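For reference, the structure is listed below as structure tokens.
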Amino acid sequence: MPYRPPLVPYETFVADPPDLPVRAPGEHGAAVVTRAEVGGTDPHGVTFTATTSDGDTLVARVEAAGDGVIRVRLADDLAARSRSARALPLVHPSAHPAEVTVTSTLVTVDAGAVVAEIRLDPWRLRFRSADGRLLVEQDAGTRDISGRRRTLPFGRSHADGVPVAWHESFVAPGDERFVGFGEKFTPLDKRGQRALMWNFDAFGGESDRSHKNVPLYLSDRGYGVLVDSGLPVQFDVCQSTHSSVQILVPDDLLDYYVLAGPTPAEVLDRFDALTSRPYLPPKWAFGAWISSGFFPDSQQRVLERARLIRERGIPCDVLHLDCYWQVAGRWSELRWDDEAFPDPTGMLKTLADQGFRVCLWMNPYLMTGSPLYAEAAEAGYFLRRADGSTYVADVWHGSYPACAIVDLTNPAAVRWFSGLLRPLLEQGAAVFKTDFAEGVPADAVAHNGMTGVELHNVYALMFNDVVADVTEEITGHRTVWARSSYLGGQRHSAQWSGDVNATWPALASTLRGGLSHGLSGVPFWSHDTGGFHGTPEPELYVRWTQFGALSPLVRLHGTTSRLPWDFPAETERDAVAALRLRYRLLPYLYSAAVEAARTGAPMMRALLVDTPDDPTAWTSDLQYRLGTDLLVAPVTDPSGQRRLYLPAGDEWVDAVTGERHPGGRHLRVTVPLHRLPLYVRHGALIPVVAPADRIWDGPFHDVTLLSWGGVDARTVIHDVDGDTVIEATRDGDTLRVRTDGPLRVGRVSVVGDDSVRRVLLDGEAVTPAPFEAWFAA
25 MPYRPPLVPY ETFVADPPDL PVRAPGEHGA AVVTRAEVGG TDPHGVTFTA TTSDGDTLVA
85 RVEAAGDGVI RVRLADDLAA RSRSARALPL VHPSAHPAEV TVTSTLVTVD AGAVVAEIRL
145 DPWRLRFRSA DGRLLVEQDA GTRDISGRRR TLPFGRSHAD GVPVAWHESF VAPGDERFVG
205 FGEKFTPLDK RGQRALMWNF DAFGGESDRS HKNVPLYLSD RGYGVLVDSG LPVQFDVCQS
265 THSSVQILVP DDLLDYYVLA GPTPAEVLDR FDALTSRPYL PPKWAFGAWI SSGFFPDSQQ
325 RVLERARLIR ERGIPCDVLH LDCYWQVAGR WSELRWDDEA FPDPTGMLKT LADQGFRVCL
385 WMNPYLMTGS PLYAEAAEAG YFLRRADGST YVADVWHGSY PACAIVDLTN PAAVRWFSGL
445 LRPLLEQGAA VFKTDFAEGV PADAVAHNGM TGVELHNVYA LMFNDVVADV TEEITGHRTV
505 WARSSYLGGQ RHSAQWSGDV NATWPALAST LRGGLSHGLS GVPFWSHDTG GFHGTPEPEL
565 YVRWTQFGAL SPLVRLHGTT SRLPWDFPAE TERDAVAALR LRYRLLPYLY SAAVEAARTG
625 APMMRALLVD TPDDPTAWTS DLQYRLGTDL LVAPVTDPSG QRRLYLPAGD EWVDAVTGER
685 HPGGRHLRVT VPLHRLPLYV RHGALIPVVA PADRIWDGPF HDVTLLSWGG VDARTVIHDV
745 DGDTVIEATR DGDTLRVRTD GPLRVGRVSV VGDDSVRRVL LDGEAVTPAP FEAWFAA
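Heads up, the sequence shown is in the numbering used here, so the first residue is 25 and it goes up one at a time.
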């Protein structure tokens, strides 16, 4: 049973995972592979006949699944697949040539950047880099002085004679660090934690519950491990024993991949090749999203908000309408409340003329009070109970009526559900916020025969796929604003952190969640700027908006208003200044986004992505690089003080003062409320534009290039019309800048070196522009 704090209400969830059996003292049941014989080889790998400690015979397979990727399977039959694959496959391996060597005692499978070594008797599996360095090896299984097994190595376990889980364990040196597992709000280094791959309604962002789990972790030893299963996999990361990572898979087989680095970016690139490349949102999605908030709304209020946003010069590209665009008590039937919104078509056209896209909230649940409920239930469009009745669940935790859950394994239900969405897009809506989807109960039964346990995690992917498909059909893009996800969910951009609290500690834990999710292959992430639940104090609102403005995507949303003018005048001024800074940086941000979509490396980068050999980078989880050249350290308490770390290997320039600092050191700074700690890598070339209140279609124009330091440098800027290579060369007191590509650079500003007297841009002299106008909020 999970630990429940005394005298504190324990939060239950309609879709809590089932507990695995606990063995009684002296009870056996763990069958561990002890030895194996080679059953056959082929150009991709080796198949083994494996003998377990209880005399069973299993089949093991070790093969190349890509350059630098080794796949390992253990099963009764290698034709077995994860039970979740009945809904959709999560990993898409391809046959890859390997160099296979077999001797009487040792087998090797060479996949280029990673080599598997298998000792046959006793069985032992090791993974090495191409140069022979040990990356990771199986833990043979430790026993205590009484002979009791303390880890569950390569094998499977039974309960009451029935197989219940497969397991693997790896040796973990005492200083090894581990990151990943999806959007985890816990400290970045997961050593000492137990990560459960089960999507929860997390009730905030300050526990180990996650809306978005990814069964992938990266090690500072230069490798990653990916488990292919949609079931509630558990990763015991040196918690029950500090010397081992234990993986427990309650599925029909054990199926995992070891991904070579040596850098985290290379691991993520290989991960993408197996799962999917991130989907790049349209350019307008990188503007500010401003929400109605989670309270009653109307057409008049929406139009008034839009008018004031433009009148007050607040940058914004998307207006989000939350639940109350529909009739309260009848969510989510996907029909306008025609009393509050008498002319939605006209409203959407007016907003489009003002330069706004509109996002509509929705989820895959239908409240039983909807007129659509009876007919849809009769047609079998919802998940059912074992007795065949519609499964009606308290997915709103008692705060709203119970709901049925759309059965997305039923093609007819998908057509019906898509038919509810399509008219809204044709009417002028641009994108949907795909909320919830964590609520599939463990004992539900789906149309295709899957149990709720098997469907639970992958349901989020199916939900977002359905909405993305119909969105693309009408609008040409596949963007959704998603709360829940799972393995491969980087194909759904964007994702946000859910209903976090409007408190200072929640700001910090939200940041940790974003860094963790970025290290799990999801580059386009956001959060409820200002916090969702409650009303932020003015200082917190400003600091959170500064964090949001320098996140991959930004949306202001909460249970109370997050509109800047609903706060004191000076608060509005500082928050809007942060948004304007974002819009100045849009050429840089969009270029970083294109790079992230191509490579899988996150936009909001934990320091370890760029400096993996710096030990401090693996534990720094309250700051990040935005792209490769900006260092952001959001203020996380009302004092305005920050202790931050400047990564080794570079020098860093304060973006406002121009002060230069060496890397590899800590700073303690006090930052006034109107700005946040922001540093630029010395030598960076940063493209910026004049601030605007919206993002226009097409490529950026009238770009100013900021040369930080006036030194030799090179960068590539990506835009919708192609890539531009920019090279800067220092020649005495002259900086020569050459561009090769479509980007239209009009001005160059040199920051931090007064000795640059002349700037030549593509051979023509240009007047340097002052940098203060760009970074001083």
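Here a beta-carbon is modelled for each residue, glycine too, at the ideal position from N, C-alpha and C.
Note that the structure is a prediction, hence the values are computed from the model and not measured.
Residue span of the beta strand (DSSP E) that contains R294, given as start and end: Careful: R294 lies outside any beta strand (DSSP E), inside the alpha helix (DSSP H) at 288-298.
Delimiting residues of the alpha helix (DSSP H) encompassing T495: First-last of the alpha helix (DSSP H) with T495: 476-499.
Sheet register partners of P49 (DSSP bridge): DSSP output for P49 lists no bridge partner at all.
Beta-carbon gap between V774 and L759 smaller than 8 Å: The answer is yes: Cβ separation under 8 Å.
C-beta contact flag for T433 and A111 at 8 Å: Going by C-beta atoms, T433 is nearer than 8 Å to A111.
From D275, I271, S268, residue whose alpha carbon lies closest to that of S253: The candidate whose alpha carbon is nearest that of S253 is D275.
Identity of the residue in R446, E462, G404 nearest V419 by Cα: Comparing Cα positions, the closest option is E462.
Whole-angstrom distance between A625 and H541, CA atom to CA atom: Straight through space, the alpha carbons of A625 and H541 are spaced by roughly 11 Å.
For I741, the nearest candidate out of V618, V188, V504 (CA to CA): From the listed residues V618, V188, V504, the smallest Cα separation to I741 is found for V618.
DSSP state of D377 mapped onto helix, strand, coil: It is helical.
W720 classed as buried or exposed, judged by whether at least 16 other C-beta atoms fall within 10 angstroms: By the C-beta density criterion, W720 is exposed, having fewer than 16 other C-beta atoms within 10 angstroms.
Under the three-state DSSP convention, the category Q263 falls into: Of the three classes helix, strand and coil, the one that applies to Q263 here is coil, per DSSP.
Supposed contact pair V382 and L332 - C-beta distance, whole angstroms, cut 8 Å: About 16 Å separates the Cβ atoms of L332 and V382, ruling out a contact at the 8 Å cut-off.
Own chain residues within Cβ distance below 7 Å of R502, not counting five before or after: Once the five neighbours on either side are set aside, the close Cβ partners of R502 are Y303, A492, T495, E496.
L511 beta carbon near the ligand SAM (any heavy atom closer than 7 Å): Looking at this structure, you won't find the ligand SAM or any other ligand, since it has none at all.
Whole-angstrom C-beta distance between G165 and S193, which should lie under 8 Å: S193 to G165, Cβ: 7 Å. Contact.
Euclidean distance between Cα positions of T643 and I94: Rounded to the nearest angstrom, the two C-alpha atoms are 28 Å apart.
Buried versus exposed call for G179 [16 or more other C-beta atoms within 10 Å across all chains shown]: By the 10 Å Cβ count, G179 comes out buried.
Segment limits, alpha helix (DSSP H) that includes R622: Membership of R622 in the alpha helix (DSSP H) is indicated by the continuous run 610-623.
Beta-carbon spacing of F151, Y280 below 8 Å: Not closer than 8 Å, so no.
Per-residue burial, R782 [other beta carbons within 10 Å of its own, 16 or more giving buried]: Taking a 10 Å sphere around the C-beta of R782, we find fewer than 16 other C-beta atoms and assign the residue as exposed.
When A226, Q323, A376, A309 are compared against A573, the one with the closest alpha-carbon: Between A573 and the set A226, Q323, A376, A309, the nearest pair of CA atoms involves A309.
C-alpha gap between G555 and R771, whole angstroms: Rounded to the nearest angstrom, the two C-alpha atoms are 38 Å apart.
Selection from L449, L697, T728, G53 that minimises the alpha carbon distance to I710: For the options L449, L697, T728, G53, the alpha carbon positioned closest to that of I710 is the one of T728.
At least three beta-carbon pairs within less than 8 Å, the stretch 225-245 to the stretch 516-529: Touching, yes, given that three or more Cβ pairs across the two stretches are closer than 8 Å.
Where H742 sits in the DSSP three-state scheme: Strand at H742.
Residues near S585 in its chain [Cβ-Cβ closer than 6 Å; skip 5 each side]: G317.
Span of the alpha helix (DSSP H), counted from its first residue to its last, around F365: Per DSSP, F365 belongs to no alpha helix (DSSP H) and is neither H nor E.
DSSP three-state assignment for M371, whether helix, strand or coil: Residue state, collapsed to three classes: helix.
Chain-order list of residues whose beta-carbon lies under 6 Å from that of W440 (same chain, five-residue window excluded): Here the set comprises Y405.
C-beta atoms of A289 and A137 nearer than 8 Å: No. Outside cutoff.
Buried versus exposed call for R667 [16 or more other C-beta atoms within 10 Å across all chains shown]: Exposed, by the Cβ-count rule.
H191 classed as buried or exposed, judged by whether at least 16 other C-beta atoms fall within 10 angstroms: Counting other Cβ atoms within 10 Å of its Cβ, H191 reaches 16 or more and is therefore classed as buried.
Residue span of the alpha helix (DSSP H) that contains L212, given as start and end: In the DSSP assignment, L212 falls outside any alpha helix (DSSP H), carrying neither H nor E.
Alpha-carbon spacing of G722 relative to T763, whole angstroms: For the pair G722 and T763, the Cα-to-Cα distance works out to about 19 Å.
R294 versus W676: straight-line alpha-carbon distance, rounded: Approximately 31 Å between the Cα atoms of the pair.
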